[in-house]
Each structure stands twice: as structure tokens, then as C-alpha cells.
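Engineer: Sharing a structure with you now.
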Amino acid sequence: MRENHILQFSAILNVSSMRLTGYMEFAVLINVNMSNYQNVVEKINYELREYLLHLPDWYQREAIFVVFFCANISTVNLILRRLESYDGVNKVESYIVTSLTIYQDLIKSEIDKRITSQKYLSSSGLQQQQQQRHNI
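Here our numbering runs 1 ahead of the position in the sequence shown, where the first position is 1.
This is the structure in C-alpha cells:
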């Protein structure tokens with residue numbers, strides 16, 4: 002399922018448990034030209050690694066989702082301006098995370114649906130191949 006990009010996994014840190022009072026977590030969605038995707042990811046990893054909390058390995062080529070962690074709003078602005086200055090970046094949108102809710106039952110049911118769908122597709126495809134061989 003990971004290879005077919007049906008599921009993607011990542012760790013979510015509870016920043017409040019780190020006892021870093023006054024620090025903030027914020028997410029950024031970066032719209033990039035497809036040809037500049039890898040270059041922008043490398044620059045983020047190199048130039049902003051001290052603020053980087055999470056950079057998922059998603060296989061989109063026009064959008065990059067990043068989670069940063071810093072001490073104050075002026076640092077947030079610095080990071081956003083830096084991201085906007087990268088070649089190939091079309092738009093930068095930031096989101097401050099105030100709470101996070103995970104709907105486990107919904108996730109489980111979606112996984113079950115996709116597994117069932119994959120099995121159905123696999124078995125029906127296999128049946129079609131067997132039927133084609135029989136007709137030959």
C-alpha cells in the first residue's frame with residue numbers, strides 16, 4: 002500500500018511534551034514548479050534544518066508540505082520570506098496548528114475500503130486474464 006501511495010505514514014510530535022514554552026509549531030504549503038521541486042526540498046533541508054520539524058516524503062511534484070518549529074512570530078516571517086525567495090516557488094501558505102484531531106475510526110474504515118478495493122481489482126483482473134487465456 003505504501004508503494005502504491007495508498008497510505009503514507011509519519012510521526013506526529015507532541016511539542017508541548019518537550020517543555021519548550023513559548024515555541025510555536027506551524028505548517029507551510031508551498032506551491033512550486035514541478036521542475037524545481039527537488040531543488041526546493043534540498044534547500045529547505047539545508048538552509049532551514051534548524052527549524053524543520055517534519056518534511057514528509059510525499060510524491061507530489063507541485064506542492065510541498067512542511068512543518069516548522071520556532072520561538073517567535075518574527076522567525077516565522079523570516080522562514081516564510083526565505084521560502085518565497087526560492088526559485089520556482091509560486092505561492093507559500095502558512096498555518097499555525099492550534100489543535101490536532103485524529104479520527105481513527107474513519108482512517109481504519111478508509112484503509113479497509115482500499116484494501117477491499119485492491120483485492121477486488123486484483124482478483125477481477127486475475128479472472129479476466131484467466132478467461133482470456135482460456136479463450137485463446
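Quick reminder that beta carbons are idealized off the backbone N, C-alpha and C, glycines included.
Please confirm whether residue 29 and residue 95 have their CB atoms less than 9 Å apart.
Structural biologist: yes
Engineer: Can you tell me whether DSSP reads residue 52 as helix, strand or coil?
Structural biologist: coil
Engineer: I'd like to know if the region 47 to 61 and the region 106 to 118 are in contact, where contact means that at least 3 CB-CB pairs between them fall below 8 Å.
Structural biologist: no
Engineer: Within its chain, find whatever has a CB closer than 8 Å to the CB of residue 52; leave out the 5 residues flanking it on each side and keep chain order.
Structural biologist: 69, 70, 71, 76 and 80
Engineer: Looking only at C-alpha atoms, which of 64, 103, 24 and 57 sits nearest to residue 36?
Structural biologist: 64
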